[in-house]
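Just so you know, the sequence shown maps onto residues 1 to 262 in the UniProt record's numbering. Note that the Cβ used here is the ideal one computed from N, Cα and C, for glycine as well. Notes for the one structure printed next.
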Amino acid sequence: MSLSNVNVTANGFQLSGFTGSNFSLVVGSPRWQHDLWFTVVYTVGTVAVEMVLGTAIALVLERLKVGRGWLMALLLLPWAMITVVSAELWSYLYNGVYGLVDQILAPIAGHDVNLLGTPVDATVAMGVADVWKTTPFVAIIVLAGLVMLPGDVVEAARIDGANAWTIFWRVRLPLLRPTLAIAVMFRILQAFGLFDLPFVLTQGGPGTSTESLAMLGWRVMFQDLKFGPGAAVATTTAAIVLVGCLLFLKVFRAQVGQEETV
Numbered sequence: 001m002s003l004s005n006v007n008v009t010a011n012g013f014q015l016s017g018f019t020g021s022n023f024s025l026v027v028g029s030p031r032w033q034h035d036l037w038f039t040v041v042y043t044v045g046t047v048a049v050e051m052v053l054g055t056a057i058a059l060v061l062e063r064l065k066v067g068r069g070w071l072m073a074l075l076l077l078p079w080a081m082i083t084v085v086s087a088e089l090w091s092y093l094y095n096g097v098y099g100l101v102d103q104i105l106a107p108i109a110g111h112d113v114n115l116l117g118t119p120v121d122a123t124v125a126m127g128v129a130d131v132w133k134t135t136p137f138v139a140i141i142v143l144a145g146l147v148m149l150p151g152d153v154v155e156a157a158r159i160d161g162a163n164a165w166t167i168f169w170r171v172r173l174p175l176l177r178p179t180l181a182i183a184v185m186f187r188i189l190q191a192f193g194l195f196d197l198p199f200v201l202t203q204g205g206p207g208t209s210t211e212s213l214a215m216l217g218w219r220v221m222f223q224d225l226k227f228g229p230g231a232a233v234a235t236t237t238a239a240i241v242l243v244g245c246l247l248f249l250k251v252f253r254a255q256v257g258q259e260e261t262v
């Protein structure tokens, strides 16, 4: 569809010809460029925060001897919740009239606070909701990697006089790189396909400031009924994710190869 002229008829779709005009129309659009920039920045920001928080939570859980199972079960509740449901929950919290956030911040600000009313605030509010939901996923993956680390290497570093901070940065973190790479890959794939969270929280607003590539493709295809350009948006999004993941894996393998050589 992205490489064809698509006509909608009473009998369905009609694909005619071979054309690249859909891609030139999409890539040259300022709206597509804005949504690409927003999606990339949002993905990098949320994934970075989730990796830091998830690793910290995993380190705490690793040290627990009692109640780890219960805490892991509680930790997984946000992740198990359907994104649309969690987005509705956060929309109530962020409501500028009766939301809990407004009740807390309004006395300080002196007026009602609507965190979804400005582009920057709406982006940060979405990021907080995303981090709340997906950090447990990262924590569980990192915890699995921590449990599988060889204890003799850590013990040898401790005998050599390394403190806890040095052991983490010089021993445990390098050994965790494959696990962290898996977590980053999964989160990039999920975050770059951002749709349901902004769809419920902001509808891509204010204006189109929080509109992701997935939302743009949906709007072009199913609201504007421009199936050729909509398919081009989806295809370019998939291609960008594929190239990004391949580059990430290449860099990761090169780093691992250098460490093994050393």
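task: Reducing DSSP to helix, strand and coil, say where S16 ends up.
output: strand
Practice task
Pick out the complete beta strand (DSSP E) segments inside the segment 9 to 63, 3 residues or longer, and give them in chain order.
Solution key: 12 to 16
Q. Excluding sequence positions up to five away, which residues of its chain have a Cβ less than 7 Å from the Cβ of G145?
A. L176 and T179
Q) Taking the alpha helix (DSSP H) that D152 falls in, what are its first and last residues? A) G151 to I159
inquiry  = Is it buried or exposed, T9, if we count other Cβ atoms within 10 angstroms and call 16 or more buried?
reply    = exposed
In angstroms, rounded to a whole number, what distance separates the CA positions of I159 and G151?
12 Å
Rounded straight-line distance, which links the Cα of A48 to that of D102
27 Å
* Asked: Where P136 and A183 are concerned, what is the direct C-alpha to C-alpha distance, given to the nearest angstrom?
  -> 11 Å
Could you pull out every unbroken alpha helix (DSSP H) segment of at least 4 residues lying fully inside the segment 156 to 203, listed in chain order? 164 to 167, 177 to 192 and 196 to 201
- G228 and V6 look like a contact to me (Cβ under 8 Å); what is the Cβ gap, rounded to whole Å? 4 Å
| Near A87, what residues of its chain come up, given a Cβ to Cβ distance below 6 Å and the 5 sequence neighbours on each side ignored? | L197, V200 and L201
Original post:
Secondary structure at V85, three-state DSSP: helix, strand or coil?
Top reply: helix
Through-space distance from L143 to R68, alpha-carbon basis
11 Å
When we look at the beta-carbon of G20 and count the other beta-carbons within 10 Å, is it buried (16 or more) or exposed? exposed
Is F192 buried or exposed, if buried means 16 or more other CB atoms sit within 10 Å of its CB?
buried
Expected contact under 8 Å - CB spacing of T236 and F38 to nearest Å: Not confirmed; about 15 Å, so no contact.
* **Beta-bridge partners of V6, as assigned by DSSP** => L15
(Q) As an exercise, report each continuous alpha helix (DSSP H) stretch of at least 4 residues that is fully enclosed by the segment 205 to 253, in chain order. (A) 213 to 218
Inset, instruction - Answer with buried or exposed for A73, where buried requires no fewer than 16 other C-beta atoms within 10 angstroms of its C-beta. - result: exposed
- Query: With a CB to CB cut of under 6 Å and the five nearest residues on each side skipped, what residues in its chain are close to G217?
  - Reply: G230, V233 and A234
Coil, strand or helix - Y98 by DSSP: coil
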